[in-house]
Every structure is written in C-alpha cells, then in structure tokens.
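Enquirer: I have a structure I would like to understand better, so I am pasting it below and will then ask my questions one at a time.
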Amino acid sequence: MRPRRAGLLADYIPSAAFSAAFVFVLLTAFGFDSSSILSVSQAHAAEPSSARVAWVVDGDTAVLANGERVRYLGIDAPERGEPFYDEAKARNKALVKSRVIRLEVCKETPRDKYGRLLAYVYADGVDVGATLLGEGLARPLVIPPCGLPKAAEFRAAAAMAASKGAGVWSFEGGGAGKARAVVIAPGEAQRRIGEVVTIRGAAARVNRTKKALFIRFGPDGPGAFTAVVFAEGLAAFKSAGIDTSGFKKGMTLSVTGKVRSYEGRAEIIIRTPSQLKGD
Numbered sequence: 579m580r581p582r583r584a585g586l587l588a589d590y591i592p593s594a595a596f597s598a599a600f601v602f603v604l605l606t607a608f609g610f611d612s613s614s615i616l617s618v619s620q621a622h623a624a625e626p627s628s629a630r631v632a633w634v635v636d637g638d639t640a641v642l643a644n645g646e647r648v649r650y651l652g653i654d655a656p657e658r659g660e661p662f663y664d665e666a667k668a669r670n671k672a673l674v675k676s677r678v679i680r681l682e683v684c685k686e687t688p689r690d691k692y693g694r695l696l697a698y699v700y701a702d703g704v705d706v707g708a709t710l711l712g713e714g715l716a717r718p719l720v721i722p723p724c725g726l727p728k729a730a731e732f733r734a735a736a737a738m739a740a741s742k743g744a745g746v747w748s749f750e751g752g753g754a755g756k757a758r759a760v761v762i763a764p765g766e767a768q769r770r771i772g773e774v775v776t777i778r779g780a781a782a783r784v785n786r787t788k789k790a791l792f793i794r795f796g797p798d799g800p801g802a803f804t805a806v807v808f809a810e811g812l813a814a815f816k817s818a819g820i821d822t823s824g825f826k827k828g829m830t831l832s833v834t835g836k837v838r839s840y841e842g843r844a845e846i847i848i849r850t851p852s853q854l855k856g857d
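Using my numbering, you'd call the opening residue of the sequence shown number 579 and step up by one each time.
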C-alpha cells in the first residue's frame, strides 16, 4: 500500500485540474453519472478538502463515504500478517472512522497507481500520520514529491517512538517492545509457515534484478529460505538512507516477518529496513 516515487517525473505529470477535466469529458461521453465524476474532480483539488470516513482498510488507508480510498502520505503501516498490523488498524479506526476528516491531497501526484488519493489526513485537528508514527504503529515513508513537506516532522515522531522501543520498533536492538519474534535457523523456516519469526543465518546467495533483491539462505532445494525485497521495499531502504548493495554473500543476517510458502519454498517479504539486519 505504498505510493511510488515520482522524482523528476513530476515535471511531466499534467496538472490535477487538466487531468480531472479530461476524465470528466471522456466519461460523460460514455454516460457515466456526472455527480460521481465531479466528486473525483474535487478530490484532485490542491486545496484541502473534507470528507467523512466510512471505514478503514488498515493502518494507513481509509475509505470515504463516497467510496474514495485514501492512502496516507508519509507513513507506512504494517501489512496484514506483519507484527502490529491489528494494532495499527485499530488505532487508525479509533482516530478517523465515522469522523469528518480534513485532506491535504498531493498536488503533484494526487493518486497512486491503484487510484487511491494520496493525502495528509487530519481528524479533529490531529495529524493522523504523525500520531501513528509517534505511537510506533507506522514507519516514515518519504517518497518525493508528495512525502517531502512533512518528512522532517514525521521522522522526528518516528525517532521518538523508536527511542522507546514502541510498536514496530520493538524489533530493533535494545527496544523494550512486547512482541519480539522467536529466533530460528533458516532450515526451520519451512516448519514455520504462517508464523512471525526472526530467521538468522549466513546468506548463501544474493541476487539483484531491476525490481527486486533476493537473499537465499541454505542450499537450493525444498529446505531453502529466501528473503525477498521488492521495489516498494527497496524504496523504503532508500528513503531510510540504507544502501542494499551492502548485503552480500556470506554475511550473517537477521530477517523478521511472516513466513509464507512460495512454490514450495519458505520466504519472507521484506517491506521495511527494520526487517533485515546485518551483523
């Protein structure tokens, strides 16, 4: 649930007003209801808008009463199956469900590739993103251009939570969190499908492609374990200032997350830097 980098591509993205006008004309020609189209146009406005929240999807996504999905800018809450997913979702629900929230929609890139609005969210004057970060229920995710305005503020909130070992930061060294994962060897991963664990061992092979990083532990075969970092995870490492080229064959690494089975082999998807640590 993460917005993608825009970088210099923002120079080539049409203005929100032009995009909304084009969509309006095109869809009207095919008989779509104009009132629903106008709501999309308004949601693309650069000025803050308000809307009521119908329900929440997880810790960083909500659905408005008009059906629009909003992806909160600048934060990354745990995915389903990851530690503190339930806590982040519940806290988000407590903050915004059934409330009228204020949205600051990103002017340069108002929507992500999934069609969700990208916005900073406020409920009763409370910055929802900063609150979740401050309680350790999300990590900062700064992807230009949309994530830049509050980058320093959000990183400071996350640093405070990390210093206390709160929430997602309880997996960091020295944290005092309540949910430390059991540590196992790579060869045990296949027997832990569906569980949240920390797998510690030496990297047997490291493969990089344009879209992902694969770290294999143990020999090839059914008993092998792989840590996989897809594009969104690589963006999170880059945002945190971590160069993934430093992960090399022979390094002793700790991988934390929910073990899943893919083509008969155990793997963990790495979405945030705190899930992958080297000695």
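In this text, a Cβ means the ideal position worked out from N, Cα and C, and glycines have one as well.
Can you look up Val720 in the DSSP assignment and give me helix, strand or coil?
Expert: In the structure shown, Val720 falls within a coil segment according to DSSP collapsed to helix, strand and coil.
Enquirer: Which residues in the same chain have their Cβ closer than 6 Å to the Cβ of Asn785, if we skip the five residues on either side of it in sequence?
Expert: Phe792
Enquirer: What is the DSSP secondary structure of Arg733, counted as helix, strand or coil?
Expert: helix
Enquirer: Quick one, which of Ala666, Ala730, Thr776 has its alpha-carbon nearest Ala716's?
Expert: Ala666
Enquirer: Rounded to whole angstroms, what is the Cα-Cα separation between Leu711 and Leu695?
Expert: 20 Å
Enquirer: Report the three-state DSSP secondary structure of Asn670 (helix, strand or coil).
Expert: helix
Enquirer: Taking just the CA atoms, how far does Val760 sit from Val704?
Expert: 36 Å
Enquirer: Would you say Arg677 and Arg647 are within 8 Å of each other, going by their C-beta atoms?
Expert: no
Enquirer: Quick check on Val746: does DSSP put it in helix, strand or coil?
Expert: helix
Enquirer: Can the beta-carbon of Gly637 be found closer than 8 Å to that of Lys836?
Expert: no
Enquirer: Would you check if there are 3 or more beta carbon pairs closer than 8 Å linking the segment 822-831 to the segment 767-786?
Expert: yes
Enquirer: For Asp857, which residues of its own chain have a beta-carbon under 6 Å away from its beta-carbon, when the five flanking residues on both sides are left out?
Expert: Thr830
Enquirer: State buried or exposed for Pro797, treating a residue as buried only when at least 16 other CB atoms are found within 10 Å of its CB.
Expert: exposed
Enquirer: How is the alpha helix (DSSP H) around Ser628 delimited, first residue to last?
Expert: Taken as a continuous stretch (DSSP letters only), Ser628 belongs to no alpha helix (DSSP H), being part of the beta strand (DSSP E) at 627-634.
Enquirer: Have a look at the DSSP bridge pairing and note the partners of Leu831.
Expert: Gly779, Gly856
Enquirer: Here's the rule I'm using: 16 or more other beta-carbon atoms within 10 Å means buried, otherwise exposed. How should Ser823 be labelled?
Expert: So Ser823 counts as exposed.
Enquirer: Are the CB atoms of Tyr650 and Val720 within a distance shorter than 8 Å?
Expert: no
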